Amino acid sequence: MAELGGMLAAAILKVVGQQIGSAIGSQIALQKNFDKDLRKMKMALESVDAVLEDAERQSITDKSTRLWLKRLKDFMYEISDMIDEFEADTQAITQPSARKVRMCAPTENTVK
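Residue numbers (the working numbering): 4 to 115.
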């Protein structure tokens, strides 16, 4: 009976281990694909920015076109800011902060 329990536990651990490994692999692939997509978004924003700058240089006189260009540029900057904030938040999560390291280091006021 104890052997049966051991075999059952081993089988369960094997399945759980495989599921965890699969989940980790999926997360790595998802992160890799997301990074690639993020780079593509940045490139697209740079292209839009170049076109908008070119359009501004052409001194467009049509009010509706100028308004459309202004809104497009504002929207582009909002998206760029969101991407920058996301990258900053991601770095804060994935990289240990220097602040935590400093908290562990002895200070001058440490009792000896």
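Cβ atoms here follow ideal geometry from the backbone N, Cα and C, with glycine treated the same way.
For clarity, every value in this text was computed on a predicted model and none was experimentally measured.
Excluding sequence positions up to five away, which residues of its chain have a Cβ less than 7 angstroms from the Cβ of residue i?
| i | result |
| --- | --- |
| Arg69 | Ile63 |
| Gly9 | none |
| Leu33 | none |
| Ile27 | none |
Residue i and residue j: beta carbons closer than 8 angstroms?
| i | j | result |
| --- | --- | --- |
| Met44 | Ile86 | yes |
| Leu55 | Lys76 | yes |
Using only the alpha-carbon positions, how far apart do residue i and residue j sit?
| i | j | result |
| --- | --- | --- |
| Leu72 | Lys66 | 10 angstroms |
| Ile23 | Ser83 | 35 angstroms |
| Leu11 | Thr93 | 40 angstroms |
| Gln30 | Asn36 | 10 angstroms |
| Glu81 | Gln61 | 24 angstroms |
| Val18 | Glu6 | 18 angstroms |
Under 8 angstroms by Cβ, that's how I've got residue i and residue j pegged, so tell me the actual separation to the nearest angstrom.
| i | j | result |
| --- | --- | --- |
| Asp52 | Met79 | 6 angstroms |
Cutting at 8 angstroms between CB atoms, please list the residues of its own chain near residue i, excluding the five before and the five after it.
| i | result |
| --- | --- |
| Glu90 | Leu41 |
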